[in-house]
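With the sequence shown counted from 1, adding 168 to any position gets you the numbering used here.
In what follows, a single structure is set out as structure tokens and then discussed.
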Amino acid sequence: MAFTVKDGRLVRDGKPVKFVASPFIGGGFANAPRIAVIHFTGGGTAMSSANWFADRSRPAASGSSAHVVIDRDGSIVQCVALDRVAWHAGRSSWRGVVGLNGHSIGIELANYGNLRAIGGAWAGPGDRVVANPLLAVHRNGNPDGSRHPIGWEPFPAAQIDATVELMALLAERGVTEVVGHDDIAPVRKCDPGPAWNMAAFRERVFGGRREDGDNVKVVLPAAGLFLRSGPDVSHAKVRDTAFPRGTQVRPLRRDGDWLEVSVLQNGAPVATGWMRGNYLGDPEESVEEAVLEEAPVPRAGEGLG
Ligand SMILES: [Zn+2]
169 MAFTVKDGRL VRDGKPVKFV ASPFIGGGFA NAPRIAVIHF TGGGTAMSSA NWFADRSRPA
229 ASGSSAHVVI DRDGSIVQCV ALDRVAWHAG RSSWRGVVGL NGHSIGIELA NYGNLRAIGG
289 AWAGPGDRVV ANPLLAVHRN GNPDGSRHPI GWEPFPAAQI DATVELMALL AERGVTEVVG
349 HDDIAPVRKC DPGPAWNMAA FRERVFGGRR EDGDNVKVVL PAAGLFLRSG PDVSHAKVRD
409 TAFPRGTQVR PLRRDGDWLE VSVLQNGAPV ATGWMRGNYL GDPEESVEEA VLEEAPVPRA
469 GEGLG
């Protein structure tokens, strides 16, 4: 299973990918895009989203598009040629780049996103109940303003696998970074949200050739460290128990004293969230070192952060 490209059109296993052209596009990229942006559609099938992007009855000012939409079963519909700008990012910025449309490939994943509570269940549009939703607080705050965990539709393995496959092609074509819409337009956008494990995805796509090689830190306090959904103690714990001393984590970014990290087990990411950066050390750093002197003494059985 592999993707190739011919004249901007995706070819999968030798067959052209279904193409439903969107009129809501810009010109050619000034420079080959080096960023891919992951979205969820908030809706039904990939084809229904592709048809929405193709709907010429929408005013151009509110028209939108993405290069591809990937369905829950891993099938894919292309809407914009890979060498043309798609309108998927909106007002956005990332590491000094403002307005990501002109610099990125937009990948939509068919997914309801944040769900609504109905009765004892969680449902997407049209009250379609999602069987095993992920319950989580969005790291940038829930889109409905709530502060408790809400339901999110999980992404099936077939859909993730297809996205990894597509990214392999995009990486060959110069894409070096993958971000979520919620990374480049925080608060305004919440997709792909907590059900999308970006750390694990990045590992699968770029894992073999990360520049930072073995860039891991370890949990230092004897009581362990909690993983939280945001960068201070007001945010919910991602897991009820603390991660023990010596747990390896891979830092993703910093916010004040806190680091967003991917927690590793046997080198593979198992959870993503925030930890207090000053309680994380280099692997070779002795955990008995004086760095812990300033750490408050936690009550028995409790971790820090
Ligand atoms: Zn989006």
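C-beta atoms are modelled at their ideal positions from N, C-alpha and C, and glycine is treated no differently.
Model, not experiment: these values are computed from the prediction.
Once the 5 residues before and after residue i are set aside, which same chain residues still bring their CB inside 8 Å of it?
i, result
"Arg378", "In this prediction, Arg378 has a pLDDT of 45, which is less than 50 and means its spatial position is unreliable; what the coordinates show is noted afterwards. Excluding positions up to five away in sequence, the list is empty."
"Ala257", "Val205, Gly267, Leu268, Asn269, Ser272, Gly274, His349, Ile352, Ala353"
"Ala367", "Arg418, Leu420, Ser430, Pro437, Thr440"
Do residue i and residue j have their C-beta atoms closer together than 8 Å?
i, j, result
"Phe192", "Phe221", "yes"
"Leu277", "Pro301", "no"
"Pro451", "Trp426", "no"
"Gly196", "Arg252", "yes"
"Val387", "Arg413", "yes"
"Asn485", "Thr415", "There is no way to answer for residue 485, as the model of the chain reaches only from 169 to 473."
"Ala285", "Ser397", "no"
"Leu395", "Lys385", "no"
"Val347", "Trp262", "yes"
"Asn383", "Arg418", "yes"
"Asn310", "Val355", "no"
"Gly242", "Asp312", "no"
Should residue i go down as buried or exposed, given a rule of 16 or more other Cβ atoms within 10 Å for buried?
i, result
"His235", "buried"
"Glu340", "exposed"
"Thr209", "buried"
"Ile238", "buried"
"Gly424", "exposed"
"Ala458", "For Ala458, the pLDDT reaches just 35, beneath the cut-off of 50, and the residue's location in the model is therefore unreliable, although a value from the coordinates is still provided. Ala458 should be labelled exposed."
"Asn434", "exposed"
"Pro227", "exposed"
"Ser225", "exposed"
"Thr409", "exposed"
"Gly375", "exposed"
"Ala229", "exposed"
"Asp359", "buried"
"Ala214", "buried"
"Lys174", "exposed"
"Asn199", "exposed"
"Ser217", "buried"
"Ala436", "exposed"
"Gly361", "buried"
"Lys183", "exposed"
"Arg407", "exposed"
Between which residues of its own chain and residue i is the CB-CB distance below 7 Å, once the five residues before and five after are set aside?
i, result
"Val298", "Tyr280, Leu283, Trp290, Ala291, Gly292, Gly319, Glu321"
"Ser233", "Ser190, Phe192, Ile193, Phe221, Cys247, Val248, Ala254, Trp255, His256"
"Ala363", "Leu302, Trp320, Glu321, Pro322, Phe323"
"Asp295", "Ile286"
Tell me which residues share the same chain as residue i and place their Cβ nearer than 6 Å to its Cβ, disregarding the 5 neighbours each side in the sequence.
i, result
"Leu474", "A query on residue 474 cannot be resolved here, the shown segment of the chain reaching from 169 to 473 and no further."
"Gly194", "Val253"
"Asp380", "Any reading at Asp380 must be qualified, since the residue scores a pLDDT of 49, below 50, and its modelled position is unreliable; the value itself is stated next. Nothing listed; no residue qualifies."
"Arg202", "Gly342, Val343, Thr344"
"Arg421", "Glu428"
"Arg240", "Ala278, Pro324, Gln327"
"Glu456", "Caution applies to Glu456, whose pLDDT of 45 falls short of 50 and renders its modelled position unreliable; the value that the coordinates give is listed next. Contacts found: none."
"Gly231", "Phe192"
"Arg180", "Phe171"
Shorter than 7 Å, the distance from the beta carbon of residue i to the closest heavy atom of ligand 3, or not?
i, result
"Ala214", "The ligand content of the structure shown is limited to ligand 1, which means ligand 3 is not among them."
### Query
What is the chain-ordered set of residues for which the beta carbon lies under 6 Å from any non-hydrogen atom of ligand 1?
His207, His349, Lys357, Asp359
### Task
Mind the definition here: the segment 328-338 touches the segment 308-318 only if three or more C-beta pairs lie below 8 Å; say whether that holds.
no
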